[in-house]
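**Student:** Numbering (the working numbering), first residue to last: 532 to 841. Just dropping this structure here.
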Amino acid sequence: MTEYRFDGRTAIVTGAGGNPSLGRAYALLLAERGANVVINDIDELPAALGYPGVASAEAVAEEIRARGGKAVADTHSVTSEEGGAAIVQTALDAFGTVDILVNNAGICRVVSFEEMTPADFRQTIEVNLLGTVHTCRAAWQPMKERGYGRIVNVTSGSMTGLPWQTAYAAAKGGVFSFTRALASEGAEHGIKANTVMPGALTRMVFAAQAESSSFIAYAREHMPPEIVAPAVAFLAHERCPVTGECIESMGGHIDRFYLARTPGFSDPGMTVETIAERWDEVMAGAAEGLSRHDEADPRAWSPKPYQPVA
């Protein structure tokens, strides 16, 4: 079996300073397989329960260097065009190129739509969706000039309609659609763009869930971030065969997530009554081809009380 290596490639991973975190897991695997890595995160964070040590971009970069890899830290925010440009410039200054961009930075407020403040809703969009746009815009020209690029944007199962996550769902649904359009534009330039839909125990989960949550207990045992990282590395590799796709990975399982359309029906004389009479034909479709908003079990979630941030 041919090993997938990244020697000579430079990767940027945003939101990679946490521990535990998906971004850190992505960065460690890419570095282990030879990539130069820019570790981006904005804060130095206290240790999560059960995970000792300070969490920061520099801490992860040092972890990589201690293992013999090449990494630099970057603390610019993805929430502005200037921040996105600065992150990419860090890669260009340190390693001379940017080949891989993994947009992992994100925040999530687990709260009902009614309770959430407009400011927190806006901030969720700015970090998750616009942050992805800003870094992609900054990396686009260097990738286009080289005729090569791999972009992996992180979306979420929340976009199918999970409860208490209206802002996060809106942002991640935007990332999904944005990436599909980006893939169409990048094809002629050798740029492939895909999304990954991960599930893992991360700092974001700790921040949103009570420690007594049944999801925390399950995820601690079965959903470490490290077993999601291979999916991201595959999509980031030069031999990645697809673009515009969404790959779901969690707990050691991987699958393709995709949009579906039922056969429906056609009627040149369409009326409200015709639709009502033939509604079953509109809704009929293979279950595996449809992602429904009511598949999640909300009983597994035990969100902490909401405290407006913005």
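Note that CB positions come from ideal geometry on N, CA and C, so glycine has one too. The model shown is predicted, which means the values in this text are computed figures rather than measured ones.
1) Which residue comes first and which comes last in the beta strand (DSSP E) that contains PRO729?
2) Would you tell me roughly how many angstroms separate the C-alpha atoms of ASP630 and GLU804, rounded to the nearest one?
3) Whose CA, out of GLY783, ASP572 and PHE707, lies closest to the CA of PRO755?
4) Quick check: what's the CA-CA separation for SER608 versus THR655?
5) Output the distance between the C-alpha atoms of LEU561 and ASN659, rounded to the nearest integer angstrom.
6) Tell me whether the segment 788–796 and the segment 585–593 touch, counting them as touching only if at least three CB pairs, one residue from each stretch, are closer than 8 angstroms.
7) So the candidates are ASN567, PHE644, LEU623 and ASP574; which of them puts its Cα closest to the Cα of ALA669?
8) Beta carbon of ASN635, beta carbon of VAL685: below 7 angstroms?
9) State the DSSP-derived secondary structure class of GLU593, mapped to helix, strand or coil.
10) If I'm right that SER689 touches ALA700 with Cβ under 8 angstroms, what's the distance once you round it to whole angstroms?
11) Tell me whether the segment 671–680 and the segment 758–766 touch, counting them as touching only if at least three CB pairs, one residue from each stretch, are closer than 8 angstroms.
12) Report the rounded CA-to-CA distance for ASN571 versus LEU559, giving the unit in angstroms.
13) THR545 to PRO799, Cα distance in whole Å?
14) Have a look at VAL727 and SER780 and give me their C-alpha separation to the nearest angstrom.
15) In whole angstroms, what separates the C-alpha of SER797 from that of ARG809?
16) Between the alpha carbons of GLY565 and HIS768, how many angstroms are there, rounded?
17) Please list the terminal residues of the continuous beta strand (DSSP E) segment that includes HIS607.
18) Could you check where the beta strand (DSSP E) with VAL685 kicks off and where it finishes?
19) Let me make sure I understand the geometry here. Which of ALA731, ALA748, LYS601 and THR774 has the alpha-carbon closest to that of GLU716?
**Tutor:** According to the structure data:
1) Working through the sequence shown from its first residue, we reach residue 729 at position 198. Unbroken beta strand (DSSP E) run through PRO729: 722–730.
2) Residue 630 sits at position 99 when you count from the first residue of the sequence shown. Residue 804 sits at position 273 when you count from the first residue of the sequence shown. In a straight line, the C-alpha of ASP630 is about 55 angstroms away from that of GLU804.
3) Counting from 1 along the sequence shown, the entry for residue 755 is found at position 224. The candidate whose alpha carbon is nearest that of PRO755 is GLY783.
4) Taking the sequence shown and counting its residues from 1, the one referred to as residue 608 is at position 77. Taking the sequence shown and counting its residues from 1, the one referred to as residue 655 is at position 124. Their Cα atoms are separated by approximately 13 angstroms.
5) To locate residue 561, count along the sequence shown from 1; it is residue 30. To locate residue 659, count along the sequence shown from 1; it is residue 128. About 22 angstroms.
6) no
7) As a first step, residue 669 is located in the sequence shown; it is residue number 138 there, counting from the start. Closest by alpha carbon: LEU623.
8) Within the sequence shown, the letter at position 104 stands for residue 635. Within the sequence shown, the letter at position 154 stands for residue 685. Yes, these two residues count as a Cβ contact at 7 angstroms.
9) Counting from one through the sequence shown, the residue named residue 593 turns up at place 62. GLU593: helix per DSSP, three-state reduction.
10) Residue numbering aside, residue 689 sits at position 158 when the sequence shown is read from its first letter. Residue numbering aside, residue 700 sits at position 169 when the sequence shown is read from its first letter. With a Cβ gap of about 4 angstroms, SER689 and ALA700 count as contacting.
11) no
12) For this step, residue 571 is matched to residue 40 along the sequence shown. For this step, residue 559 is matched to residue 28 along the sequence shown. Going from the Cα of ASN571 to the Cα of LEU559 covers about 13 angstroms.
13) In the sequence shown, counting from the first residue as 1, residue 545 sits at position 14. In the sequence shown, counting from the first residue as 1, residue 799 sits at position 268. One C-alpha to the other measures close to 50 angstroms.
14) Your numbering for residue 727 matches position 196 in the sequence shown. Your numbering for residue 780 matches position 249 in the sequence shown. So the two alpha carbons sit approximately 7 angstroms from each other.
15) Locating residue 797 in the sequence shown gives position 266, where the first residue counts as 1. Locating residue 809 in the sequence shown gives position 278, where the first residue counts as 1. Between SER797 and ARG809, the C-alpha separation is close to 10 angstroms.
16) One-based indexing of the sequence shown puts residue 565 at position 34. One-based indexing of the sequence shown puts residue 768 at position 237. Going by the C-alpha atoms only, they are around 12 angstroms apart.
17) For this step, residue 607 is matched to residue 76 along the sequence shown. No beta strand (DSSP E) holds HIS607; DSSP gives it neither H nor E.
18) Within the sequence shown, residue 685 is the residue found at index 154, counting from 1. VAL685 -> beta strand (DSSP E) spans 680–685.
19) Position 185 of the sequence shown holds residue 716. For GLU716, the nearest C-alpha among the options comes from THR774.
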